[in-house]
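Comments concern the structure below.
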Amino acid sequence: WFDEIPSIATDSTLAAMEACKADTHEKKVDLSPGIYHDDNSSTWVLPSVKKAREVLLADKSLNHNLQPQNGHPGLVSVARELTFSDTLDGRSIASMQAISGTGANHLVARFLSDVLQPKTVWFSNPTWENHREIWRHVNPAINQRNYPYYDDRTSTIDSQGMLSTLRGHASRGDVIILQACAHNPTGVDPSRELWEAIAAVCEEKGLFPVFDSAYQGFATGNIDNDAWAIRHFATRSNGTMEFAVAQSFSKNFGLYGERVGALHIVTRSNESAAKAEAKLKKIQRAEITSTPSFGAKIVATIVQNPALREQWQQDLQTMSGRLQDMRKRLYDELTKRNTPGNWSHLLTDIGMFSMTGLSPKRVAVLRNNFHVYLLPTSRLAVPCLTTGNVEYVAESIHQVLTV
Ligand code: LMR
Numbered sequence: 003w004f005d006e007i008p009s010i011a012t013d014s015t016l017a018a019m020e021a022c023k024a025d026t027h028e029k030k031v032d033l034s035p036g037i038y039h040d041d042n043s044s045t046w047v048l049p050s051v052k053k054a055r056e057v058l059l060a061d062k063s064l065n066h067n068l069q070p071q072n073g074h075p076g077l078v079s080v081a082r083e084l085t086f087s088d089t090l091d092g093r094s095i096a097s098m099q100a101i102s103g104t105g106a107n108h109l110v111a112r113f114l115s116d117v118l119q120p121k122t123v124w125f126s127n128p129t130w131e132n133h134r135e136i137w138r139h140v141n142p143a144i145n146q147r148n149y150p151y152y153d154d155r156t157s158t159i160d161s162q163g164m165l166s167t168l169r170g171h172a173s174r175g176d177v178i179i180l181q182a183c184a185h186n187p188t189g190v191d192p193s194r195e196l197w198e199a200i201a202a203v204c205e206e207k208g209l210f211p212v213f214d215s216a217y218q219g220f221a222t223g224n225i226d227n228d229a230w231a232i233r234h235f236a237t238r239s240n241g242t243m244e245f246a247v248a249q250s251f252s253k254n255f256g257l258y259g260e261r262v263g264a265l266h267i268v269t270r271s272n273e274s275a276a277k278a279e280a281k282l283k284k285i286q287r288a289e290i291t292s293t294p295s296f297g298a299k300i301v302a303t304i305v306q307n308p309a310l311r312e313q314w315q316q317d318l319q320t321m322s323g324r325l326q327d328m329r330k331r332l333y334d335e336l337t338k339r340n341t342p343g344n345w346s347h348l349l350t351d352i353g354m355f356s357m358t359g360l361s362p363k364r365v366a367v368l369r370n371n372f373h374v375y376l377l378p379t380s381r382l383a384v385p386c387l388t389t390g391n392v393e394y395v396a397e398s399i400h401q402v403l404t405v
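The UniProt record's numbering numbers the first residue of the sequence shown as 3 and each following residue consecutively.
Below you can see the structure in the form of structure tokens.
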């Protein structure tokens, strides 16, 4: 029955992680996944999460019931607050808990494919590889197009290319995927002026923006600054823009395997919001019935408890601070060796990732000869650098670029 199944290439992030796991070399370094590690290369359990777990486990009424159809009420409420603060006053919104960022992106793709029926979905070039896969999976008939984003000659955003492509080629009702902050994979975010221009193009052309918000707290270490673009869209034109936010708590709470996220659809009327919510519930029922509850309870407990929330802010600072340190260490090690290339963007890039600019061939040499794993696009995950491996990584990159 299954002989005709075509061979299918694995997602490159998961493939790199698996290959590195199987590699027995003692100096191997996996710089492929966007997963925060501490300086001992262990996945970090945030102190705020440890405390919230204790609070939850001490509660004798903790049970394992199904959740309400739109998810854990506390989680949905804090997800909204962290994303929009008070910018939604008077707006009508449908919010649902989702299975982390992947689930939220999937849910919005399914929803928009059914109700908006876009001809085209636009992605930044490059983008998180799963964006394309999710939309292909949901509806292969929707065209996928790129808007210019990263100029690899200058390691900056190609603002003109981006705006002129959208102005010239996007059509009314198309969907545009935007990343709220700490862009994956480039580590380069639009300025506030550029965000204003992007919002204006979306309005002029009648595009439907979907924000992927997976790294709130990682760009600046500050939740409010990192939500600036979303809140700008929420308040623009007297609060009349309609858009969606797919939100993940995997990274900013370190809850990767718990699959905690949310989807928000910002609409123009209570009636539209109610209809959107009914549609989302229908999809969730067919696909998963209920979202997972323990991770959702952890996030809600932390954000609703002032002391735990304060601890969480410190945890975010710890994570973004270590990323900054590692960026600086890698930059120092490369410039000390006069490694060919311009590395100064390592210091100004934002969040978990940077593009090293290595060709796919050199990425392969780095992997095969030095056991250092990047993505084929040359993306390097900064949270996987440690004081123990950064010199080896820099020396390996140096060798690959000079030998
Ligand atoms: C990444 O890009 O490495 C992360 O978002 C993890 C993933 O699911 O791909």
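Backbone N, C-alpha and C fix where the C-beta goes; we use that ideal spot for every residue, glycine too. Since we're looking at a predicted model, the values are computed, not measured.
query	result
For residue 424, which residues in the same chain have their Cβ closer than 7 Å to its Cβ, ignoring the five residues on either side in sequence?	Nothing can be reported for residue 424: it is not among the residues displayed for the chain, which extend from 3 to 405.
Can you list the alpha helix (DSSP H) stretches of 4 or more residues lying completely in the region 283–338, in chain order?	296–306 and 308–338
Could you name the residues that DSSP lists as bridge partners for LEU180?	PHE213
Go through its chain and collect everything with a Cβ distance to PRO150's Cβ below 7 Å, but skip five positions before and after it.	ASN127, ASP160, GLY163, MET164 and THR167
Among the candidates THR291, PRO342 and GLN326, whose CA atom is the shortest distance from the CA of GLY73?	THR291
Just to confirm, are ALA201 and HIS234 a CB contact at a threshold of 8 Å?	yes
I need the DSSP call for TYR149, collapsed to helix, strand or coil.	strand
What's the C-alpha gap between GLN119 and ALA96?	19 Å
Just to be sure I understand the criterion: a residue counts if its Cβ is closer than 6 Å to at least one heavy atom of the ligand LMR. Which residues meet that?	THR15, PRO35, GLY36, TRP130, ASN132 and ASN186
Just the C-alpha distance for SER87 and ARG93, rounded to the nearest angstrom, thanks.	12 Å
In the region 3–56, which residue ranges form an unbroken alpha helix (DSSP H) of at least 4 residues, counting only runs that do not cross its ends?	14–24
Going by Cα to Cα distance, which pick from ASP351, GLY353 and GLN401 is closest to VAL374?	GLN401
Can you tell me which of the three DSSP states GLN99 falls into?	strand
Got a sec, what are the start and stop residues for the alpha helix (DSSP H) ASN340 sits in?	Note, ASN340: premise wrong, no alpha helix (DSSP H); not H, not E.
Which residues mark the beginning and the end of the alpha helix (DSSP H) in which LEU348 is found?	347–350
Verify the CB distance criterion: does VAL405 have a CB-CB separation below 8 Å to chain C?	Although the question refers to chain C, the structure presented lacks it and comprises just one protein chain.
Exposed or buried, which one is GLN181 when buried takes at least 16 other CB atoms within 10 Å?	buried
Please report how far the alpha carbon of ILE179 lies from the alpha carbon of GLU397, in whole angstroms.	37 Å
Taking 8 Å as the cut-off, does the region 293–300 touch the region 249–263 (at least 3 CB pairs, one atom from each stretch)?	yes
Pull up the CB-CB distance for THR237 and THR89, whole angstroms please, since I reckon it's below 8 Å.	5 Å
Give the straight-line distance between the Cα atoms of GLY175 and GLY241, rounded to the nearest whole angstrom.	19 Å
According to DSSP, is ALA396 part of a helix, a strand, or is it coil?	helix
Could you give the distance in angstroms between the alpha-carbon of LYS338 and the alpha-carbon of LEU332?	10 Å
Could you tell me if LEU209 is buried or exposed, where buried requires 16 or more neighbouring beta carbons within 10 angstroms of its beta carbon?	buried
Taking all protein chains shown into account, decide if ASN340 is buried (16 or more other Cβ within 10 angstroms of its Cβ) or exposed.	exposed
Which first and last residues belong to the beta strand (DSSP E) in which MET357 is found?	355–357
So, using beta-carbon positions, are ALA111 and LEU377 closer together than 8 Å?	no
Rank LEU336, HIS347, PHE355 and LYS299 by C-alpha distance to the C-alpha of LEU325 and give the top, closest one.	PHE355
By Cβ distance, which residues of its chain are closer than 8 Å to TRP46, with the 5 residues on each side in sequence left out?	TYR38, HIS39, ASP40, GLY256 and MET321
Buried or exposed for GLY140, going by 16 or more other Cβ atoms inside 10 Å?	A small fix is needed here, since residue 140 is Val in this sequence, not Gly. So VAL140 counts as buried.
Grouping DSSP H, G and I as helix and E and B as strand, with all else coil, what is ASN224?	coil
Using 8 Å as the threshold, is the region 240–254 in touch with the region 214–225, meaning 3 or more CB pairs across them?	yes
Thinking C-beta only, is VAL405 closer than 8 Å to LEU33?	no
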